[in-house]
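For the record, in the sequence shown the residue sitting at position 190 is 190 according to the UniProt record's numbering, with numbers rising by one throughout.
The beta-carbon is built from N, C-alpha and C at its ideal position, and this holds for glycine as well.
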Amino acid sequence: MSQTHTSTNPWTAYVTARMAALIVESKSINEAFEHNTLRGSARELFVKQFLRPFLPPQIGIGTGEIINHHGERSRQVDVVLYSIDRVPPVLVNGSDTGVFPWECVIAVIEVKSRLTAQIWEDAHLNAYSVDQIYQNLSERDLLVGGKKPNENKLSTTPIPYYLFAFDSDLKASTELKEILDGRHQHELGQEGARLFSSFASLAEKARERDEILELIKTDPPGTPEQRKRLKELPHKDFHPSSSNVLGVCVAGKEWTNGSIDFTDFHDERYAVPDYRILSNWNFHWCTSLSKDKFEDVLHFLARLIELSSEMPKCTRHYSIARYLVEPKAT
1 MSQTHTSTNP WTAYVTARMA ALIVESKSIN EAFEHNTLRG SARELFVKQF
51 LRPFLPPQIG IGTGEIINHH GERSRQVDVV LYSIDRVPPV LVNGSDTGVF
101 PWECVIAVIE VKSRLTAQIW EDAHLNAYSV DQIYQNLSER DLLVGGKKPN
151 ENKLSTTPIP YYLFAFDSDL KASTELKEIL DGRHQHELGQ EGARLFSSFA
201 SLAEKARERD EILELIKTDP PGTPEQRKRL KELPHKDFHP SSSNVLGVCV
251 AGKEWTNGSI DFTDFHDERY AVPDYRILSN WNFHWCTSLS KDKFEDVLHF
301 LARLIELSSE MPKCTRHYSI ARYLVEPKAT
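Following this line, the structure appears as structure tokens:
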């Protein structure tokens, strides 16, 4: 006779209890101090007390900038998950702060005490800056024994970018919002809906910036009002086609994310033809709303653990030599 399990899985119970305690601690810190006084407190709580205990030891956690071998840098990001076995990061005096070659990066996470519209806009800009580090790289087409070196593969695996917050300025709600992308209808939580609306607003600001720049070109040096407005708009290099943020988790409320799938790939042009790639990215969206077991946090942690296992297997440039030699102009 089989036994029916009615009790909560103890591992799940432990994770949810830990997150519930962190939410209380984060709230008390925010109430006791000015917002900017302990800017890193949310990140420190998230990394040391929640994330680090559950990730495998071969995954490092740091903070800083993503770089490529041309010397280009992303904006500052809160949490970088990276593979210790790949190109090593440069850390400052043994701390977790430094610069991280994009080849070793598994995922990027922005950690905030409270999620607001301005933080959403900054997140889109940060995610875009990370994307630009590796998307436009091109390598010389070398042949070694009739085969291309593995490090000459163009990137086929984007770096997932997530936003995590202990709280939100939106009122608590279990209502789902629907959007239509032309092919599929999606149900999203409040933050999922704000993900899309905040990106649309930022893209509109980018279009406004381009219009002002054109006016200034035809009538230099532009009016004082135009100059003032330009300072409030995204940088001139921001030309997005879609948001690079893959998901958002508000602890105890919701986890809205795009899907990720992995598959094996065969390509005889390279020295090792069989490798793993991220085959599906940002294609379907789903939302998990918390009830009494912090489903959102559990799903978010499960995704990070999955990435920590799968991403190091995926094809990436991983020759450290490219960082030691000044790239030649082509």
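Exposure of PRO160, with buried meaning 16 or more beta-carbon neighbours within 10 Å: buried
Leaving out five residues before and five after PHE283 in sequence, what residues of the same chain have Cβ atoms less than 8 Å from its Cβ? GLY258, SER259
Give me the Cα-Cα distance between GLU103 and TYR323, rounded to the nearest whole angstrom. 11 Å
Coarse secondary structure for PRO53, derived from DSSP in three states: helix
Between the beta-carbon of TYR128 and the beta-carbon of PHE238, is there less than 9 Å? yes
Simplified DSSP assignment, three categories, for GLY192: helix
Here's a check: name, in chain order, each residue in its chain whose Cβ is nearer than 8 Å to the Cβ of VAL144, leaving out the five neighbours to either side. ALA271
Give the DSSP-derived three-state secondary structure of HIS124 in the structure shown. helix
Rounded straight-line distance, which links the Cα of PHE166 to that of GLU25: 10 Å
Using a beta-carbon distance below 9 Å, is ASN244 in contact with chain D? Any reference to chain D falls outside this structure, which holds one protein chain only.
Between which two residues does the beta strand (DSSP E) holding ALA107 run? 105-115
Neighbourhood of PRO88 by C-beta distance below 6 Å, restricted to the same chain and skipping five residues each side: none
Where does ASP85 sit, in a helix, a strand or coil, going by DSSP? coil
In angstroms, rounded to a whole number, what distance separates the CA positions of ILE67 and LYS228? 31 Å
PRO10: buried (16+ other C-beta within 10 angstroms of its C-beta) or exposed? exposed
Distance check for LEU298 and PRO158, CA to CA, integer angstroms please. 23 Å
By how many angstroms is the C-alpha of MET19 removed from the C-alpha of ARG303? 16 Å
Along the alpha helix (DSSP H) that carries residue 336, what are the first and last residues, could you check? Residue 336 is absent from the structure shown; the chain starts at 1 and stops at 330.
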